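Asks:
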Amino acid sequence: MHSYGGLVGSEATLDEFTRANRAALNLPGGVVHMFYFAAFILQKCQTVLGVFGESENNETKPGGRFTMKNPAKIIYDDLPDEEAKYWESKIVDQSFAVQTTEMTRGPQKKCPSTYVLCKNDHGPPPHIQELWAEAAGSKLIKIDSGHSPMLSRTEELTGLIDVAAKEAMESL
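See the structure below:
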């Protein structure tokens, strides 16, 4: 899960969806591992706005929307300029509700997790990412990347995902 996706994934993974809980009920399947990278993780009842305040990197727009100012320099800064501008052109406005919606649960702690901290991130600061990893009880891995390692460090990130998946399957 990446960036805001950490909040979505944490909200979606109920305790009863974990492999351990399903196995206890003689049910197949279930979530065996959570994988976060540069991902937001908040506690129950927290909001992005409540924790961080209004970001100077965001521009509020009419109709309850907002957009990021200069994403090429904030979240794509370790890509070549032309590539960063390309990905910046794909950014769409978001609902301001993502800033104000309270989390109904905290991080999923009933299954193992990995958190990849991006040491050169200009979005969520690395020291905050470290706190999030700790809050989730995640195995912490640090990489020399900006906010979007899926674009700038693809091989390294996919290698980390592969290792985490293999380790999760070996533990079953």
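Note that the working numbering has the sequence shown beginning at 217, numbered continuously upward. For every residue, glycine included, the Cβ atom is placed at its ideal position computed from N, Cα and C. For clarity, every value in this text was computed on a predicted model and none was experimentally measured.
(1) Between which two residues does the alpha helix (DSSP H) harbouring GLU272 extend?
(2) Between which residues of its own chain and PHE312 is the CB-CB distance below 8 Å, once the five residues before and five after are set aside?
(3) If you draw a straight line from the C-alpha of LYS260 to the C-alpha of GLU304, how long is it?
(4) So if DSSP puts LEU356 in a beta bridge, which residue, or which two residues, is it bridged to?
(5) Determine the extent of the beta strand (DSSP E) in which MET284 is found, giving its start and end residues.
(6) Are the segment 288-303 and the segment 352-368 in contact at 8 Å, needing three or more beta carbon pairs?
(7) Quick check on DSSP: helix, strand or coil for VAL247?
(8) Can you pull the DSSP bridge partners for GLN310?
(9) Rounded to a whole number of angstroms, what is the C-alpha to C-alpha distance between ALA255 and GLY245?
Replies: Taking the structure as given:
(1) To locate residue 272, count along the sequence shown from 1; it is residue 56. Looking at the DSSP string, GLU272 is not in any alpha helix (DSSP H), and its letter there is neither H nor E.
(2) Stepping through the sequence shown from its first residue, residue 312 is reached at position 96. Taken in chain order, the residues that qualify are THR276, GLY280, ARG281 and PHE282.
(3) Locating residue 260 in the sequence shown gives position 44, where the first residue counts as 1. Locating residue 304 in the sequence shown gives position 88, where the first residue counts as 1. Approximately 32 Å between the Cα atoms of the pair.
(4) Against the sequence shown, residue 356 aligns to sequence position 140. DSSP lists TYR331 as partners of LEU356.
(5) Against the sequence shown, residue 284 aligns to sequence position 68. 281-284 is the extent of the beta strand (DSSP E) around MET284.
(6) yes
(7) As a working mapping, residue 247 is identified with position 31 in the sequence shown. Strand.
(8) Here the question's residue 310 lines up with position 94 in the sequence shown. Looking at the DSSP assignment, GLN310 forms a beta bridge with PHE282.
(9) Numbered from 1 along the sequence shown, position 39 holds the residue referred to as residue 255. Numbered from 1 along the sequence shown, position 29 holds the residue referred to as residue 245. Spanning the two alpha carbons is a distance of roughly 25 Å.
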